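Note sheet for the following structure.
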Amino acid sequence: MNTALSELHEGLLPALVALLNDAGTLHDPHDNAPTPSDHYAQVSLALAMACDPETSLDDALAPLDAWAELDSKQIGHLPFNRLLLGFCSKVFEARGASAAQLARIEAAHARCTLAHDYPSNNWALLAQLSRLIEAPDAQVAAEQQAFCDLLERWTTRDGAFIDYPAQPAAGGRVATPFAYHHKALLLTALAARLRPCPALFAHLRGLFGWLVHCWDAAGYAGGLGRSNHALFGDACLLGAMVLLGLDKDDANSPVTALSRRVGAQRRDDGLLWLDPFGHQQGDAGWDNYMHLTVYNAWTAAVTAICRWLGPVDAEVLATHRVAWRGDEPGVFHDRQAGVLCMRNAEGGCLVLSTRGQLPQAFSLNEAELRYAGGVPLHAGGQGDALCELVPRRVALARLRQDADLAGWTTVIEHGGALYGLTDFDQVEVGEKAETVTVSLRGHPVALTRHPPAGVVALALAALDWRFFDGRLGRRQAARREVLKQVTGEILWRIDLRNMGYERELRIVPESVRVLNLRHGQRG
C-alpha cells in the first residue's frame, strides 16, 4: 500500500473521531456547530471507522445511530447516504456483526429512497450505482445498461463527464467541472469492480484517459467549475486510483503526489482544509454547500472503502486497456468541453479553457466565473501563486468595486449591467513546431440574472426556490443575455518548451467600457 496515502488516512480518522460527542454527533469546528444533518458526514465516518480493524463495531455504529435518530425531515443527500450505508452493511457483515447490528444498518438504509430526477447529473449517476450494486442477479444486466446509458449521454466525445445539463444538445455548451469528473470516475470504477462488464470498462477507460491529460505531477487535477480543487474531488480521485491498481508504495505514483499535496492541507486540529488555499485564505474559495467535517469524513470513507474492496484485477485492467499515462507529453483539446491540455517532456503543463461552459449557478448577486472561456485553469509549477490563476465566483457588489477580482475574464459595463467575455463561438487551436496558438472570438454575456419583475415573475422565482431546488433559475444560464454589438477576440501563444505564454486581447468597438484591462500578458 502507498505510504503517503496511509499517512493521510491514519492522521485524518482519529481527528474526526475526536470530534464525536457522547451522543455520537460529529462537531464541525469551522461552523462551530454539529455537522449538517442533511449531509453525509455521520454515515461517512461510520463507514471509515468500520473499515478500521482497530475500531469496535459498537464504536463505528455510534455516528450512524445518531444519524438514524434524526427526523426524516432533517436528513438529506439520500443517494450519498444510501451508497455509504450499503458499504457499511458489507463491511459490518464481513467483520462478524450481530443480526441486531446489521438490522440497524438496514433500517437506516431503507430511509434513503432514490428519486428518478436530480439537480445534477453526478447525483443521478450515484443513485444508479446503488441500483446496480443492489440489483438481484436477474436485474444486473439491465442496471449495468442503465448506468452505461447515463455515461453515454453524459460524456463528451473525448471523455469528459457532463454534470449539466441532463439532456445535452449535440455540440452544445455543457458544464464539466473537474471535481465531478473525478466523482464519475470513482463511481464507474466501483461499478467495474463490483459489477464488471465490457461496456463499463470501456467507459472507465474513457473517463480515466481524459483525466490524465489535465494531471499535474505535483498532485493537481483541477481548475474548472464548482468545487474547484476541492477535497471532495481529490478524495474521489484517490479512491478511483486505488481501485485502478495505483495504490503502490512508489515515489513516482500519482497516489503519492496527490496524497502529499492533500496532506499539505492539514490543519492544526488534524483535519484537512477543503482546497489547497486554505492556509492562505481559509474558506474564501468554498461553495455554500461545502462543510469541513462533511468533506473530511467523505475523504476518510472513500479511501477506506476503496482499500477495503481492493483493486480491479490487473490482468482485467490490461485486457480493457485501462492504464495510467499521466506523464506523457502532448496537446489535447476537448472541443465540446472547451478544455485544452498541454504537457511537455519535462512535465510542465498548462490547462486552458477555450469556448467556455454553461455556469451551473446563474444568480442575481454573484458572477460565476469558474466556467469562463479564454482563461488559464491550471499551470504546473506555480506553487503558492496557483490561487492567482484559479477562476472565482465573485459577489456582484465586490466585482463592481474591484473588477480585477474577475482575474483573466474581461468585464464590460453596459447600461448599468456587467457582462463578461466568457463564451466564444469561434475557436481555433493550432500547433506548429513547439508553439500552440489559440484564437477565440465571441460576444460578452451577462454575468448575472436580472431581478424578477412583476408579481408573476416573483411568484415563479419563489416556487422555483421552494419546490424545484432552483432548477428553473439554472436553466436561464443557457439563455444569458448576449451583448451582440460588442465583439471580443483573444489570441494565446504557448511555447511548449517552457510553457511560457503570451495573450493578446482586442475589444470592438474600443469605446466600450472595459473595467479590467488585461492586454498582452506574458508568463
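Under the working numbering, the first residue of the sequence shown carries the number 309, and numbering increases by one thereafter. We put the beta carbon where it would ideally sit given N, CA and C, even for glycine. Bear in mind the structure is a predicted one, so any value in this text is a computation, not a measurement.
Spatially closest choice to residue i from the options, by CA coordinates
i	options	result
residue 757	317, 671 and 473	671
residue 682	442, 726 and 646	646
residue 561	533, 544, 525 and 545	525
residue 795	812, 422, 821 and 816	816
residue 409	358, 496 and 726	358
residue 724	462, 821 and 383	821
residue 636	675, 623, 656 and 618	656
residue 395	385, 429, 442 and 361	442
residue 468	518, 790 and 712	518
residue 734	401, 572, 664 and 786	664
residue 481	666, 700, 711 and 753	666
residue 538	654, 583 and 575	583
residue 535	418, 702, 593 and 798	593
residue 385	668, 360, 364 and 350	350
residue 679	644, 498, 328 and 620	644
residue 412	366, 425, 446 and 426	366
residue 320	714, 668 and 576	576
residue 751	418, 790 and 705	790
Whole-number beta carbon distance between residue j and residue i, since they are thought to touch under 8 Å
i	j	result
residue 270	residue 686	Not covered by the structure: residue 270. The range shown for the chain is 309 to 831.
residue 744	residue 802	4 Å
residue 730	residue 824	At roughly 13 Å, the Cβ-Cβ gap does not stay under 8 Å, so residue 730 and residue 824 are not in contact.
residue 378	residue 345	5 Å
residue 548	residue 490	7 Å
residue 660	residue 753	19 Å between Cβ atoms; not a contact.
residue 629	residue 513	6 Å
residue 495	residue 433	5 Å
residue 492	residue 430	6 Å
residue 348	residue 310	So it is not a contact: roughly 25 Å between Cβ atoms.
residue 541	residue 530	6 Å
residue 407	residue 452	Their Cβ separation, rounded to whole angstroms, is 31 Å, which puts residue 407 and residue 452 out of contact at 8 Å.
Enclosing beta strand (DSSP E) for residue i [first to last residue]
i	result
residue 797	795-803
residue 687	684-687
residue 657	657-661
residue 789	Segment: none, residue 789 is in no beta strand (DSSP E) and carries neither H nor E.
residue 377	Careful: residue 377 lies outside any beta strand (DSSP E) and carries neither H nor E.
residue 675	674-676
First and last residue of the uninterrupted alpha helix (DSSP H) at residue i
i	result
residue 398	386-402
residue 417	407-419
residue 497	486-502
residue 705	704-709
residue 431	429-442
Coil, strand or helix - residue i by DSSP
i	result
residue 549	helix
residue 819	coil
residue 827	Note that residue 827 has pLDDT 45, beneath the 50 cutoff, so the model's placement of it is unreliable and the number below is only indicative. Note: residue 827 maps to coil in three-state DSSP.
residue 726	strand
residue 813	strand
residue 773	For residue 773, the pLDDT reaches just 47, beneath the cut-off of 50, and the residue's location in the model is therefore unreliable, leaving the point undetermined.
residue 721	strand
residue 478	coil
residue 739	strand
residue 517	helix
residue 447	helix
residue 586	helix
residue 335	strand
residue 328	strand
residue 345	coil
residue 535	coil
residue 366	helix
residue 527	coil
residue 747	strand
residue 509	helix
residue 715	coil
residue 573	coil
residue 808	strand
residue 592	coil
residue 563	helix
residue 353	helix
residue 580	strand
residue 293	No answer is possible for residue 293: it lies beyond the span of the chain, which begins at 309 and ends at 831.
residue 734	strand
residue 700	coil
residue 463	strand
List in chain order: all unbroken alpha helix (DSSP H) runs of 4+ residues lying wholly within the stretch 609-672. 622-627
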